[in-house]
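Enquirer: Chains as they are written, first to last, in our numbering: chain A, 5 to 172; chain B, 5 to 172.
Glycine included, C-beta positions come from ideal geometry on N, C-alpha and C.
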DNA sequence: CGCATCATTGAGCTCGCTCAACCGTCGTGG
DNA sequence: CCACGACGGTTGAGCGAGCTCAATGATGCG
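1. Smallest Cα separation from residue 111 of chain B: which of B:133, B:80, B:138, B:91?
2. Which runs of the alpha helix (DSSP H) spanning at least 4 residues fall entirely within the region 50-123 of chain B, listed in chain order?
3. Of the choices B:127, B:76, B:163, B:48, whose alpha-carbon is the least far from that of residue 100 of chain B?
4. Answer with buried or exposed for residue 108 of chain B, where buried requires no fewer than 16 other C-beta atoms within 10 angstroms of its C-beta.
5. Quick one: give me the first and last residue of the beta strand (DSSP E) that residue 31 of chain B is part of.
6. Check each residue of the region 86-109 of chain A: if its Cβ is closer than 7 Å to any Cβ of chain B, include it; give the result in chain order.
7. Would you kindly report the start and end of the unbroken alpha helix (DSSP H) that includes residue 168 of chain B?
8. Taking C-alpha atoms, which residue in B:132, B:46, B:167 lies nearest to residue 92 of chain A?
9. Pull the bridge partners of residue 22 of chain A from the DSSP assignment, please.
10. Using a Cβ cut-off of 8 Å (strictly closer), state whether residue 163 of chain B contacts chain A.
11. Quick one: any contact between the region 17-32 of chain B and the region 151-165 of chain A, if contact means 3 or more CB pairs under 8 Å?
12. Against chain A, with Cβ distances strictly below 8 Å, would residue 44 of chain B count as a contact?
13. For chain B, is any of its Cβ atoms less than 8 Å away from the one on residue 80 of chain A?
14. At a Cβ cut of 7 Å, what residues of the region 10-26 of chain A count as close to chain B, listed as they run along the chain?
15. Let's see if you can read the secondary structure: which residues bound the alpha helix (DSSP H) around residue 134 of chain B?
16. Could you check whether the Cβ of residue 76 of chain A sits closer than 8 Å to any Cβ belonging to chain B?
17. Using 8 Å as the limit for Cβ to Cβ distance, is residue 135 of chain A near chain B?
18. Starting from residue 152 of chain A and walking both ways along the beta strand (DSSP E), at which residues does that stretch end?
19. By DSSP, does residue 41 of chain A sit in helix, in strand, or in coil?
20. Could you work out which residue in B:122, B:90, B:144 is closest to residue 98 of chain B when comparing CA atoms only?
21. Would you say residue 35 of chain A faces chain B, with C-beta separation under 8 Å as the test?
22. At a CB-CB cut-off below 7 Å, which residues of chain A make contact with residue 70 of chain B?
23. Roughly how many whole angstroms lie between the Cα atoms of residue 123 of chain A and residue 15 of chain B?
24. List, in order along the chain, the chain B residues whose C-beta lies closer than 9 Å to that of residue 41 of chain A?
25. Thinking C-beta only, is residue 95 of chain B closer than 8 Å to residue 85 of chain B?
26. Which residue comes first and which comes last in the beta strand (DSSP E) that contains residue 6 of chain A?
27. Suppose the cutoff is 6 Å on Cβ atoms and the five residues either side in sequence are ignored; what does the same chain contact list for residue 129 of chain B look like?
28. Tell whether a beta-carbon distance below 8 Å holds between residue 6 of chain B and residue 28 of chain B.
29. Does the CB of residue 172 of chain A have a neighbour CB from chain B at under 8 Å?
30. Whole-angstrom Cβ separation of residue 74 of chain A and residue 60 of chain A, contact assumed at under 8 Å?
31. What would DSSP say about residue 47 of chain A, mapped onto helix, strand or coil?
32. With 8 Å as the threshold, decide whether the Cβ of residue 131 of chain A is near any Cβ in chain B.
33. At what residues does the beta strand (DSSP E) containing residue 160 of chain B begin and finish?
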């Protein structure tokens with residue numbers, strides 16, 4: 005309903021993969037099995053609406069609409085996951101950063117991003133290290149493609165075309 | 005129904021990410037948007053059953069069961085995708101190969117794998133190169149964890165515990 | 001037998017990682 | 001109000017896992 009959350013998966017030695025950042029309106033936490041495999045953490049003051057799982061398991065005709073919405077939500081999650089696998093498996097560091105910024109701008113409907121997430125969060129989302137993320141931002145800024153505000157609190161995308169060109 | 009298929013996504017310069025290998029009984033090709041973003045290709049003689057999309061879009065009460073199956077299938081695809089993102093984002097080459105072999109053995113319910121896919125397919129699935137895949141197999145064989153048959157047509161998993169230990 | 005395809009192996013390189021120092025901002029307590 | 005410490009971010013130097021390029025080997029098919 006407001007705020008921001010990430011969901012992640014952990015490896016035994018604490019390597020972390022952040023699946024997705026969730027903002028207002030996003031649905032998350034849909035798991036199929038008996039146990040939850042994902043962790044979730046709020047990265048700023050956040051309010052979420054929680055629905056008990058049995059709601060989704062009902063098959064009564066009256067819930068046909070809800071069921072359809074569930075299918076839609078799952079479908080979106082899935083295509084986003086596929087997109088992200090393409091990013092993780094194929095793209096270079098700069099391409100990953102550019103793609104990340106573009107997708108964020110697209111989802112927030114704004115070319116000025118105020119990022120609640122840290123460099124470490126971004127790194128774990130993109131399969132990079134914190135230093136590589138930082139260096140990539142610096143590089144993009146030097147090229148004039150983005151502009152970081154004071155305190156690195158916000159990022160303005162200055163050249164969408166350039167960013168799209170960077171993203172393969 | 006029989007055979008083997010992979011689904012993949014392509015980048016403009018023909019870098020490829022193979023999402024998943026599909027075998028008998030697997031459901032694939034569920035896309036949410038108006039256009040298909042995935043390619044699919046059979047890697048051996050294959051027979052598939054095709055269902056027109058509108059079947060999944062019906063919300064009539066009679067289709068409640070089908071709808072439930074759809075949700076289940078989507079849920080499985082999603083959790084598999086999440087698992088694969090963890091692999092792509094966090095794991096090393098050897099860990100990727102070990103995880104891949106284990107998951108294949110698990111899905112085929114057999115520790116002897118006859119692989120229809122090529123080294124290039126595996127590489128594009130795991131975000132590696134063909135040479136790294138080859139070297140990893142050689143390494144695992146030297147360590148006695150696997151055994152490759154003549155012509156590299158099959159791979160026997162000799163030490164499941166060792167492989168699981170390699171996979172983080 | 002000859003060619004095509006796929007796999008292996010080696011040598012060298014590079015992108016991104018590791019390790020380490022430093023900087024800026026903010027919040028807290030003297 | 002300032003000093004200081006904590007935290008997150010930046011930058012540099014060097015390293016190494018995995019990539020590139022190239023040669024060689026195995027298998028199978030016409």
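Expert: Working from what's here:
1. Comparing Cα positions, the closest option is B:80.
2. 58-61, 68-94, 97-112
3. Residue 100 of chain B has its Cα closest to that of B:127, out of B:127, B:76, B:163, B:48.
4. Buried, because 16 or more other Cβ atoms sit within 10 Å of the Cβ of residue 108 of chain B.
5. Counting along the chain, residue 31 of chain B falls outside any beta strand (DSSP E), and DSSP gives it neither H nor E.
6. 86, 88, 89, 90, 92, 93, 94
7. Taken as a continuous stretch (DSSP letters only), the alpha helix (DSSP H) holding residue 168 of chain B covers 164-170.
8. B:132
9. A:12
10. no
11. In short, these stretches do not touch, since the Cβ pair count stays below three.
12. no
13. yes
14. With the criterion set as a beta carbon lying under 7 Å from some beta carbon of chain B, the members of the region 10-26 of chain A are 13, 15, 16, 17, 19, 21, 23, in sequence order.
15. 134-146
16. yes
17. no
18. Per DSSP, residue 152 of chain A belongs to the beta strand (DSSP E) from 150-152.
19. Three-state DSSP puts residue 41 of chain A in coil, outside helix and strand.
20. B:144
21. yes
22. None at all; the shortest Cβ gap to chain A is about 10 Å.
23. 26 Å
24. 83, 86, 87
25. No; because the gap between Cβ atoms is not below 8 Å, this pair is not in contact.
26. Looking at the DSSP string, residue 6 of chain A is not in any beta strand (DSSP E), and its letter there is neither H nor E.
27. 22
28. yes
29. At least one CB of chain B lies nearer than 8 Å to the CB of residue 172 of chain A.
30. 6 Å
31. coil
32. yes
33. 158-161
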